Amino acid sequence: MLDTNRFEEFISQYPIYEYRVLDAAEIQVRERVRTICKQECERYGTTWACPPAVGTLEECAARIHSYKSSIFFSSVAEVSDLMNMEEMLSTRDAHEELTCEVAKFLQGEGFETFTLSTESCDLCEHCAYLDGKPCRFPERMHPCLESHGVVANELVEKHSMEYNLGGNTILWFSLVLFR
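All letters in the sequence shown, in the order written, are residues -4 to 174 by my numbering.
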């Protein structure tokens, strides 16, 4: 069981905007998210972090539900122009580092973790998936929430979290499952 006092002490060192500890059984996966991936995302079929490489929706649901608990959290980034995709995506790295720190903390507490985070992996300029080879950095590669059919907005609404702060701010979300 997670020692919430130790976790609170840990996260007070980091710019986590909000977090919730969730029962992993309550996390639902939605086919509609995967449909959007397939029809609209240029990363579909090009990386180990995206469908179809992450498995079927049923396999993703089974993976998520094999964990007992999760920490769903957000961090905030500010940009000069929300329409500038390059600038917006440049703020993602700080959130990814924060996500790694949360997972490391949980691992240090003796938990096994599985992380779902933002967008798709971009650790490598050319993903080994395209060459039919294993991921070069499986310990650092985090599939995105959407790749597993998770709708961040549903979790945000259900747990009374902020989804939009207005202005030129971005909220990034991650889910670290643990057992």
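Beta carbons are placed, not taken as given, at the ideal position from N, Cα and C, and that holds for glycine.
Fair warning: this is a prediction, and the values are worked out from it, not measured in the lab.
Nearest-angstrom Cβ-Cβ length linking residue i and residue j, presumed shorter than 8 Å
i: Tyr72; j: Ala98; result: Going by the sequence as given, residue 72 is Ala instead of Tyr. Contact doesn't hold; Cβ gap of about 20 Å is too wide.
i: Ile11; j: Leu93; result: 7 Å
i: Val74; j: Asn163; result: 5 Å
Residue from the options with nearest C-alpha to residue i
i: Thr41; options: Lys128, Asp(-2) and Tyr124; result: Tyr124
i: Phe132; options: Val74, Glu96 and Asp117; result: Asp117
i: Arg174; options: Glu152, Arg38, Gly50 and Ser64; result: Ser64
i: Val151; options: Trp167, Cys32, His137 and Tyr62; result: Trp167
i: Glu157; options: Ser61, Arg15, Ile6 and Ala48; result: Arg15
i: Asp126; options: Phe5, Ile31 and Trp43; result: Trp43
i: Pro129; options: His143, Leu17 and Val49; result: Val49
i: Ala57; options: Asn148, Cys36 and Gln23; result: Gln23
i: Glu54; options: Phe5, Glu26 and Gln34; result: Glu26
i: Cys95; options: Lys153, Glu81 and Ile6; result: Ile6
i: Asn0; options: Phe100, Arg87 and Asn79; result: Phe100
i: Lys153; options: Leu52, Arg87 and Phe67; result: Phe67
i: Cys139; options: Glu13, Asp(-2), Arg29 and Leu17; result: Arg29
i: Glu91; options: Ser70, Val74, Met80 and His121; result: Ser70
i: Glu149; options: Cys119, Asp(-2), Arg87 and Leu17; result: Leu17
i: Cys122; options: Cys45, Glu13 and Asp(-2); result: Cys45
i: Phe109; options: Met78, Lys33 and His60; result: His60
i: Ala147; options: Tyr9, Glu21, Gln8 and Asp(-2); result: Glu21
N- and C-terminal bounds of the beta strand (DSSP E) containing residue i
i: Asp117; result: Per DSSP, Asp117 belongs to no beta strand (DSSP E) and is neither H nor E.
i: Arg15; result: Glu13 to Asp18
Span separating the alpha-carbon of residue i from that of residue j
i: Asp76; j: Met(-4); result: 42 Å
i: Gly161; j: Met83; result: 14 Å
i: Glu107; j: Tyr62; result: 9 Å
i: Ser142; j: Ile31; result: 10 Å
i: His137; j: Leu170; result: 10 Å
i: Glu37; j: Glu114; result: 11 Å
i: Leu172; j: Gly103; result: 14 Å
i: Pro47; j: Tyr39; result: 7 Å
i: Ala19; j: Val145; result: 12 Å
i: Glu35; j: Glu4; result: 40 Å
i: Leu111; j: Glu134; result: 12 Å
i: Thr86; j: Leu52; result: 29 Å
Bridge-paired residues (DSSP) for residue i
i: Ile66; result: Val16 and Val171
i: Ile165; result: Ala72
i: Phe106; result: Paired residues: none, contrary to the question.
Neighbour flag for residue i against chain B, beta carbons, 8 Å
i: Lys153; result: No chain B is present in this structure, which holds just one protein chain.
Element boundaries [alpha helix (DSSP H), containing residue i]
i: Lys33; result: Glu26 to Glu35
i: Val151; result: Ala147 to Lys153
i: His137; result: His137 -> no alpha helix (DSSP H), and no H or E assigned at all.
i: Leu52; result: Leu52 to His60
i: Asn79; result: Asn79 -> no alpha helix (DSSP H), and no H or E assigned at all.
i: Ile6; result: Thr(-1) to Ile6
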